[in-house]
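Peer 1: Just so you know, we're using the numbering used here here: the sequence shown kicks off at 4 and counts up by one. Virtual Cβ for every residue (Gly too), placed ideally from N, Cα, C. Nothing here was measured: the structure is a model prediction, and the numbers come from that model.
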Amino acid sequence: MPDAALPEPAAPEPAAPEPRVVLYSRLGCHLCVAAREVVVHEAARAGVAWREVDVDRDVVPGRDLAEYGELVPVVEVDGIRQGYWQIDATRVRRALAR
């Protein structure tokens, strides 16, 4: 009796790429609102993903979010800090162009 053909295992779906831009913020931070506007605009302009991390509530494996303390908002592009408090759109744009 011939062996029944077994179905091929499904290929795993590729993992979503890590966002190039990360905004570290906290609730009640008025500077974070302005920083979010910069990040949303510049990430859309460059066609890249971004995410926001609440330094008081979120957990990021391997990161001590307490290091951001009073620096929020902080913006990183490709893991490199681009600024804190007042976020410069031009600096973020240049970092995304690299």
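Indicate whether the contact test is met: 3 or more Cβ pairs, each with one atom in the stretch 47-65 and one in the stretch 22-33, closer than 8 angstroms.
Peer 2: Touching, per the Cβ criterion.
Peer 1: Taking just the CA atoms, how far does Ala69 sit from Val62?
Peer 2: On the sequence shown, position 59 is the one that residue 62 refers to. On the sequence shown, position 66 is the one that residue 69 refers to. The alpha-carbon atoms of Val62 and Ala69 are separated by roughly 11 angstroms.
Peer 1: Report the CB separation of Val36 from Ala92 in whole angstroms; it is logged as a contact under 8 angstroms.
Peer 2: Numbered from 1 along the sequence shown, position 33 holds the residue referred to as residue 36. Numbered from 1 along the sequence shown, position 89 holds the residue referred to as residue 92. About 14 angstroms; that fails the 8 angstroms criterion.
Peer 1: Mind checking which residues open and close the beta strand (DSSP E) that includes Leu26?
Peer 2: Translated into positions along the sequence shown, residue 26 becomes position 23. Counting along the chain, the beta strand (DSSP E) containing Leu26 begins and ends at 24-28.
Peer 1: Classify Arg94 as helix, strand or coil using the three-state DSSP reduction.
Peer 2: To locate residue 94, count along the sequence shown from 1; it is residue 91. Correct three-state label for Arg94: helix.
Peer 1: Span of the beta strand (DSSP E) holding Val56?
Peer 2: As a first step, residue 56 must be located in the sequence shown, where it is residue number 53. Residues 53-57.
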